[in-house]
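Enquirer: Submitted below is the structure of interest, expressed as structure tokens.
In my numbering, the protein residues as written are 393 to 798.
Given below as structure tokens:
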């Protein structure tokens, strides 16, 4: 290259860099504006859904729980029970406790702590516990033991999880943590209040699932073609899982009324407009979201890397490669929700063995049928996500894009 050509290139390179930066800023501002608008709408929806509800307060909301510290163990006649309690101490403790918060903070109260094999809050002097304050008609009150104060341990476990995620993942880990927080907030502040207020269960859940999936993936990878492909595949895969659960539930039939919590939901939720019918499908959609999102991003990322290594690959070649990669992951990912069901229902499975329940009764029990249906529907959504994401990724990534550069 001659000196003149080098001079021309040197002059053109800064100009090209400035043009590219201007181009990026021009596309970035609309994205920021769109993100702010969507976030504002979600916040407004959350405020509206969580506004106070007129009517009588529930009995549970009137219970008063406060942390307390055991200042003295006055009497203790508990002894180990090796017959049924596997050595757990059973008996009675006479305690003196000091309330640590609330309107009676600092007061010292007596408390009788009854220990059994099942309810066994065995404490010593200095331990922190949670007690329930019970006020009688004459205004007097007393404390009853509720449980250990596990707040510090649970908070510490969450902090360790967040720290490990950020340390090992770096910026990606921090973005993943923000996506997780956003997902939990959407479930707690939008989905659950919306269901309680009687909004259509399945459309609302699909909408929340779509919003959380897109937001989590955008936070993780930015507004890229890879994110777009993963988001579309994730929403489609979760919708397939919900559709399968709905169809199977219609044929069986199984619905929210077969769930163990249906009676309480009917008693306490009907006055707010809560409908039970579609809750089974809603549970499938939420349960499948995390695993489907994992598969969707993995396949989209793999197809993108293949395209980056060889821009001459056709859409058909990218699809075949995405399917080959996805098939290797199908075997383990298909077990994800099945094993999650087995773990969450482990004690129930033990009871089935202990009681030696007849097979015909077992396979037609509501509880087991619901769990199996949820697991199979979620796993089916995972499996079908692979060809969906592979096809979407192959089509979009094999074509030039002026809006999404990556």
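For each residue, glycine too, the CB sits at the ideal point set by N, CA and C.
What would DSSP say about residue 475, mapped onto helix, strand or coil?
Expert: The residue given as residue 475 occupies position 83 in the chain shown. Coil at residue 475, not helix or strand.
Enquirer: What ranges does the beta strand (DSSP E) occupy inside the region 460-524, keeping only unbroken runs of at least 3 residues that lie completely in it?
Expert: If we require 3 residues or more, the beta strand (DSSP E) runs fully inside the region 460-524 come out as 471-473, 480-491, 500-507.
Enquirer: Mark residue 613 as exposed unless 16 or more other C-beta atoms lie within 10 angstroms of its C-beta, in which case mark it buried.
Expert: As a working note, residue 613 is residue 221 in the chain shown. Its Cβ being crowded by 16 or more others within 10 Å, residue 613 is buried.
Enquirer: Please state whether DSSP places residue 526 in a helix, a strand or coil.
Expert: Here residue 526 corresponds to residue number 134 of the chain shown, with the count starting at 1. It is a strand residue.
Enquirer: For a minimum of 4 consecutive residues, which ranges assigned as the alpha helix (DSSP H) are wholly contained in the region 647-718?
Expert: Correct list: 654-661, 671-701.
Enquirer: Tell me the rounded alpha-carbon separation between residue 759 and residue 746.
Expert: In the chain shown, the residue the question calls residue 759 occupies position 367. In the chain shown, the residue the question calls residue 746 occupies position 354. Each residue's Cα considered, the two are about 17 angstroms apart.
Enquirer: Within 10 angstroms of its Cβ, does residue 489 collect 16 or more other Cβ (buried), or is it exposed?
Expert: The sequence position of residue 489 within the chain shown is 97, counting from 1. The residue is buried, with at least 16 neighbouring Cβ atoms inside 10 Å.
Enquirer: What number of angstroms, rounded off, separates the C-alpha of residue 590 from the C-alpha of residue 666?
Expert: The residue labelled residue 590 in the question sits at position 198 within the chain shown. The residue labelled residue 666 in the question sits at position 274 within the chain shown. The straight-line gap from Cα to Cα measures roughly 4 angstroms.
Enquirer: To which residues of the same chain is residue 786 closer than 7 angstroms at the C-beta, ignoring the five residues directly before and after it?
Expert: Counted from its first residue, the chain shown places residue 786 at position 394. For residue 786, where only same-chain residues beyond five positions count, the Cβ hits under 7 angstroms are 695, 707, 710, 711, 714.
Enquirer: Who are the Cβ neighbours of residue 468 in its own chain at under 7 angstroms, not counting the five residues just before and after it?
Expert: Counting from 1 along the chain shown, the entry for residue 468 is found at position 76. The residues are 485.
Enquirer: Whose C-alpha, out of 508, 645, 775, 491, is nearest the C-alpha of residue 479?
Expert: Translated into positions along the chain shown, residue 479 becomes position 87. Considering only alpha carbons, the answer is 508.
Enquirer: To which residues of the same chain is residue 476 closer than 6 angstroms at the C-beta, ignoring the five residues directly before and after it?
Expert: Mapped onto the chain shown, residue 476 falls at position 84. For residue 476, where only same-chain residues beyond five positions count, the Cβ hits under 6 angstroms are 509.
Enquirer: Helix, strand or coil: which one does DSSP assign to residue 739?
Expert: Locating residue 739 in the chain shown gives position 347, where the first residue counts as 1. In the structure shown, residue 739 sits in a helix (DSSP, three-state: H, G or I).
Enquirer: Between residue 564 and residue 602, what straight-line distance do the alpha-carbon atoms span, to the nearest angstrom?
Expert: In the chain shown, the residue the question calls residue 564 occupies position 172. In the chain shown, the residue the question calls residue 602 occupies position 210. Spanning the two alpha carbons is a distance of roughly 21 angstroms.
Enquirer: Since residue 517 and residue 460 should fall inside the 8 angstroms C-beta cutoff, what is the C-beta to C-beta distance between them, to a whole number of angstroms?
Expert: As a first step, residue 517 must be located in the chain shown, where it is residue number 125. As a first step, residue 460 must be located in the chain shown, where it is residue number 68. Not quite, the Cβ-Cβ distance comes to about 13 angstroms (not below 8 angstroms), so this is no contact.
Enquirer: Suppose you measure from the CA of residue 640 to the CA of residue 502; what does that come to, to the nearest Å?
Expert: Start at 1 with the first residue of the chain shown, and residue 640 comes out as number 248. Start at 1 with the first residue of the chain shown, and residue 502 comes out as number 110. If you take the alpha carbons of residue 640 and residue 502, they lie about 56 angstroms apart.
Enquirer: By alpha-carbon positions, which one of 595, 657, 571, 736 ends up nearest to residue 557?
Expert: Within the chain shown, residue 557 is the residue found at index 165, counting from 1. Checked all of 595, 657, 571, 736; the closest Cα to residue 557 is 571.
Enquirer: What does the Cβ neighbour count give for residue 431, buried or exposed, with the cut at 16 atoms within 10 Å?
Expert: On the chain shown, residue 431 is found 39 positions in, with the first residue counted as 1. Classification of residue 431: exposed, given that the 10 Å Cβ count is below 16.
Enquirer: Roughly how many angstroms separate the alpha carbons of residue 560 and residue 504, rounded to a whole number?
Expert: On the chain shown, residue 560 is found 168 positions in, with the first residue counted as 1. On the chain shown, residue 504 is found 112 positions in, with the first residue counted as 1. Using only the alpha carbons, I get a separation of about 47 angstroms.
Enquirer: Between the Cα of residue 491 and those of 471, 523, 513, 483, spot the shortest distance and give me the residue it belongs to.
Expert: Mapped onto the chain shown, residue 491 falls at position 99. Selected option, being the one with the closest Cα: 523.
Enquirer: In this structure, how does DSSP classify residue 755 when only helix, strand and coil are distinguished?
Expert: As a first step, residue 755 is located in the chain shown; it is residue number 363 there, counting from the start. In this structure, residue 755 counts as coil in the three-state DSSP scheme.
Enquirer: What's the gap between the Cα of residue 652 and the Cα of residue 756?
Expert: Locating residue 652 in the chain shown gives position 260, counting from the first residue. Locating residue 756 in the chain shown gives position 364, counting from the first residue. Those two C-alpha atoms are separated by around 15 angstroms.
Enquirer: Where does the unbroken alpha helix (DSSP H) through residue 567 begin, and where does it stop?
Expert: Indexing the chain shown from 1 puts residue 567 at position 175. Run containing residue 567: 543-578, per the alpha helix (DSSP H) assignment.
Enquirer: Starting from residue 595, trace the alpha helix (DSSP H) both ways and give me its first and last residue.
Expert: Here residue 595 is taken as the residue at index 203 of the chain shown, counted from 1. First-last of the alpha helix (DSSP H) with residue 595: 593-613.
Enquirer: Along the chain, where does the beta strand (DSSP E) containing residue 539 start, and where does it finish?
Expert: Indexing the chain shown from 1 puts residue 539 at position 147. Per DSSP, residue 539 belongs to the beta strand (DSSP E) from 533-540.
Enquirer: With a CB to CB cut of under 8 angstroms and the five nearest residues on each side skipped, what residues in its chain are close to residue 705?
Expert: Locating residue 705 in the chain shown gives position 313, where the first residue counts as 1. For residue 705, where only same-chain residues beyond five positions count, the Cβ hits under 8 angstroms are 698, 699, 713, 790.
Enquirer: Quick one: using the 10 Å Cβ neighbour count with 16 as the cut-off for buried, is residue 562 buried or exposed?
Expert: Within the chain shown, numbered from 1, the residue matching residue 562 stands at position 170. Label assigned to residue 562: exposed.
Enquirer: What does the Cβ neighbour count give for residue 440, buried or exposed, with the cut at 16 atoms within 10 Å?
Expert: Taking the chain shown and counting its residues from 1, the one referred to as residue 440 is at position 48. Under this definition residue 440 is an exposed residue.
Enquirer: Taking the beta carbon of residue 625 as the centre, do at least 16 other beta carbons fall within 10 Å, making it buried, or is it exposed?
Expert: In the chain shown, counting from the first residue as 1, residue 625 sits at position 233. Residue 625 should be labelled buried.
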